[in-house]
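Participant: Starting off with a structure, shown below.
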Amino acid sequence: MIDRLIRLILTLPVSTATTESAFSAMKICKNRLRNKMADEFLADSLVVYIEKEIAEIFSSEYVVDVFKNLKGRKADF
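What follows is the structure, encoded as structure tokens:
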């Protein structure tokens, strides 16, 4: 019981900081993208904003090339 209480107390500052960071990012994205708001668009924008260190690795040309090289998907009926 005490072990669980100690674990809970130790995880609170980390989870609070993570939550505050996510809400801060959402506030910035919502202000910039107010005219384009849709749930899916906001979620995609937040992922890129929050994980910007990972997103900076990829160039826009690389992403365009990947999508260009994808084969078209057609449903067989």
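Residue numbers (mature numbering (1 follows the signal peptide of the UniProt record, and there is no 0)): -17 to -1, 1 to 60. Positions of the beta carbon are idealized from the N, C-alpha and C atoms, including for glycine.
If you draw a straight line from the alpha carbon of residue 107 to that of ALA8, how long is it in whole angstroms?
Facilitator: It is not possible to answer for residue 107, since the shown part of the chain is limited to -17 through 60.
Participant: Pick helix, strand or coil for PHE50, following the three-state DSSP scheme.
Facilitator: In the structure shown, PHE50 sits in a helix (DSSP, three-state: H, G or I).
Participant: Over the uninterrupted alpha helix (DSSP H) stretch that includes ILE37, give me the two end residues.
Facilitator: Looking at the DSSP string, the run of the alpha helix (DSSP H) that includes ILE37 is 35 to 38.
Participant: What's the gap between the Cα of ASN52 and the Cα of ILE37?
Facilitator: Whole-angstrom Cα-Cα distance: 22 angstroms.
Participant: Just verifying my parser: in three-state terms, what is the DSSP assignment at PHE24?
Facilitator: Here PHE24 sits in helix by DSSP.
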